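A.B. asks:
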Amino acid sequence: MDHLRLASARGSPAAGGGLHPDRAGAGLPMKRLTMGLGLAVLAAGPALAETGRLVIAGGAVDPANDALYGAFIAEAARHAADPRAPRFVIVPAGSAEPSGSAEAMIGHLVRRGVAREVIAVAEIAMVDDPETPAVDESRWRDGASLASEIAKLSTADGIWFVGGDQSRIIATLKTHQGGDTPFLARLRARWRTGAAIGGTSAGAAMMSGPMIVAGDSPAALVLPVGAAAGPLGEPLSMGQGLGFFSFGLVDQHFDRRKRLGRLARALGALSPTQRLGFGVDENTAMVVDVDRHAARVIGAGAVTVLDARKPGRLRREPYALRNATLTMLTDGDAIDLRSLHVTPSSGKVLVATPLSARSRPEARLASELLALPVGAAHRLTQPIGDHARVDFSFARARGARVFVGPDQPDRSGVTLIDVKLSITSHIQSKEPQGRP
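First residue of the sequence shown: 51, per the working numbering; consecutive thereafter.
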């Protein structure tokens with residue numbers, strides 16, 4: 051079941067500056083990237099009347115992923131008074147190494163032509179970075195209420211949240227009463243006038259309103275939401291995110307940590323109208339145009355969309371889900387976030403016969419379904435511990451389609467549309483839920 055992602059895995063910026071394609075170490079490819087970004091944003095001009103874009107990255111972004119980092123720079127440049135000189139703020143609130151994580155993101159931007167002097171770090175964090183003995187970042191706990199940190203947002207065109215623990219982001223940016231801190235209130239104001247917000251890993255999880263806090267797929271599928279961790283792993287835990295992405299629930303590290311089961315279970319904890327989930331693979335991102343309710347996928351992996359909003363098809367305990375719709379998008383694909391209409395990337399071709407054994411397992415399974423009658427299913431069972439199992443059914447819907455890219459059609463660029471997913475959990479006897 052590993053191939054189905056179901057098992058458990060394991061100070062204010064100075065004036066001036068801007069994009070510098072010729073700075074030391076940029077290299078010819080980087081020059082082309084930044085020059086291309088400059089031409090694009092100059093043509094578009096600032097978009098001050100629009101809500102800013104979101105760049106929601108699934109974590110473990112390759113430092114060489116020019117498309118993803120370049121997209122964030124370009125979206126910030128759309129807001130800048132001078133599109134050649136966007137300004138950035140990095141928020142390390144979620145990290146266990148706040149200074150180190152912020153410095154890594156600074157490096158990613160500088161290597162892509164951004165001047166270091168236009169990048170500020172918001173001193174907001176909960177944990178001391180062991181690599182900075184001269185600075186105790188745990189003293190940054192109340193940074194979201196300090197005028198010095200709020201002021202850093204006054205000229206920000208792009209705000210980036212590093213990874214770590216999404217609960218730390220919420221704890222530092224929301225008040226004890228659940229309201230916005232002054233920093234978060236100012237950030238929302240900048241976003242509503244066009245500044246881009248990006249984040250990776252925990253910085254992606256906090257984007258939605260309802261938020262997944264923790265959990266492993268096996269334990270999430272057979273144990274109650276919020277139960278204590280035990281021999282089966284960590285059950286699902288839910289919280290409240292910052293709500294920038296209002297179209298559904300976001301999960302991250304989706305492929306490597308096999309979180310399809312976790313996402314399905316999380317949707318079951320929500321009201322029927324909220325049961326729409328977006329699982330973002332590592333080294334991959336969704337770029338979201340909130341005003342036009344549209345998103346596109348960039349990067350090496352996929353974004354999995356799970357729609358379980360139809361009423362009467364879900365049971366919470368033991369968990370069961372009937373006929374949810376599963377769609378998988380890859381680099382270049384676009385989706386309307388309201389209708390869920392998918393536009394495959396230009397050049398992708400419709401698959402008429404099952405793919406070879408070299409293709410992505412999810413795509414191969416979907417393409418095999420195309421050879422079955424409508425409604426016929428491929429069924430799999432995953433044992434969980436000694437006393438539980440979960441049955442999965444992937445069925446062919448009438449509108450199911452698979453597209454592949456032209457370059458490596460058996461390995462990459464797969465678009466999967468409208469496969470029906472059902473999940474049923476079976477618990478034979480009570481499993482210990484707490485640690486001894």
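We put the beta carbon where it would ideally sit given N, CA and C, even for glycine.
Treat the numbers as computed from the prediction; the structure is a model and nothing was measured.
(1) Three Cβ pairs or more, each shorter than 8 angstroms: is that satisfied between the region 340-350 and the region 438-446?
(2) Output the boundary residues of the alpha helix (DSSP H) element that contains Thr-44.
(3) Excluding five sequence neighbours on each side, which residues of the same chain lie with their C-beta closer than 6 angstroms to the C-beta of Thr-205?
(4) Would you report the Cα separation of Asp-301 and Ser-395, rounded to the nearest angstrom?
(5) So, at 6 angstroms on beta carbons, what are the nonlocal neighbours of Ile-156 in its own chain, with the 5 sequence-adjacent residues on each side left out?
(6) For Asp-301, does the three-state DSSP call read helix, strand or coil?
(7) Rounded to the nearest angstrom, what separates Asn-373 and Asp-357 at their Cα positions?
(8) Among Pro-456, Ala-269 and Ile-348, whose alpha-carbon lies nearest the alpha-carbon of Ala-316?
(9) Mind reading off the beta-carbon distance from Pro-404 to Ala-421? Whole number of angstroms is fine, and I expect it under 8 angstroms.
(10) Measure the CB-CB distance between Ser-149 and Val-171 and report whether it falls below 9 angstroms.
(11) According to the neighbour-count rule (16 or more other Cβ atoms, all chains shown, within 10 Å of its Cβ), is Arg-366 buried or exposed?
(12) Looking at the structure shown, is Met-176 part of a helix, part of a strand, or coil, going by DSSP?
(13) Do Glu-125 and Arg-161 have their CB atoms nearer than 9 angstroms?
(14) Suppose the cutoff is 6 angstroms on Cβ atoms and the five residues either side in sequence are ignored; what does the same chain contact list for Trp-190 look like?
(15) For the alpha helix (DSSP H) containing His-391, name the first residue and the last one.
(16) Grouping DSSP H, G and I as helix and E and B as strand, with all else coil, what is Thr-323?
(17) Along the chain, where does the beta strand (DSSP E) containing Gly-337 start, and where does it finish?
(18) Could you tell me if Gln-478 is buried or exposed, where buried requires 16 or more neighbouring beta carbons within 10 angstroms of its beta carbon?
(19) For the beta strand (DSSP E) containing Met-378, name the first residue and the last one.
(20) Between the alpha carbons of Gly-68 and Ala-426, how many angstroms are there, rounded?
(21) Do you know how far the Cα of Ala-194 is from the Cα of Ala-517?
(22) When burial is assigned at 16 or more other CB atoms within 10 Å of the CB, is Pro-322 buried or exposed?
(23) Among Arg-429, Ile-473, Glu-100 and Ala-416, which has the Cα closest to the Cα of Arg-242?
(24) So, at 7 angstroms on beta carbons, what are the nonlocal neighbours of Pro-456 in its own chain, with the 5 sequence-adjacent residues on each side left out?
(25) Would you grab the beta carbon distance between Ala-314 and Leu-371 for me? Rounded to a whole angstrom, and I think it's under 8 angstroms.
(26) CB-CB under 7 angstroms to Arg-359, same chain, minus the five flanking residues each way: which ones, in chain order?
(27) Express the C-alpha separation of Gly-283 and Asp-436 in angstroms, rounding to a whole number.
(28) What residue range is occupied by the uninterrupted alpha helix (DSSP H) comprising Met-155?
(29) Rounded to whole angstroms, what's the CA-CA distance from Lys-308 to Gly-213? Just pull it up for me.
(30) Check Ala-445 in the structure and name its three-state DSSP category.
(31) Rounded C-beta distance between Gly-291 and Met-261? I'm assuming under 8 angstroms.
(32) With 16 other CB atoms within 10 Å as the buried threshold, where does Thr-465 fall?
C.D. replies: Put simply:
(1) no
(2) One cannot answer for residue 44 here, as it falls past the ends of the chain, which runs 51 to 486.
(3) Arg-137
(4) 23 angstroms
(5) Ile-169
(6) strand
(7) 9 angstroms
(8) Ala-269
(9) 6 angstroms
(10) yes
(11) exposed
(12) coil
(13) no
(14) Glu-173, Ile-174 and Ala-175
(15) Looking at the DSSP string, His-391 is not in any alpha helix (DSSP H), and its letter there is neither H nor E.
(16) helix
(17) Checking the sequence, you will find Val at residue 337 rather than Gly. Element bounds for Val-337: 334-339.
(18) exposed
(19) 370-380
(20) 56 angstroms
(21) Past the boundaries of the shown model lies residue 517; the chain is included only from 51 to 486, so the question cannot be answered.
(22) exposed
(23) Glu-100
(24) Gly-397 and Val-399
(25) 6 angstroms
(26) Pro-322, Thr-323, Arg-325 and Leu-326
(27) 13 angstroms
(28) 148-160
(29) 18 angstroms
(30) strand
(31) 3 angstroms
(32) buried
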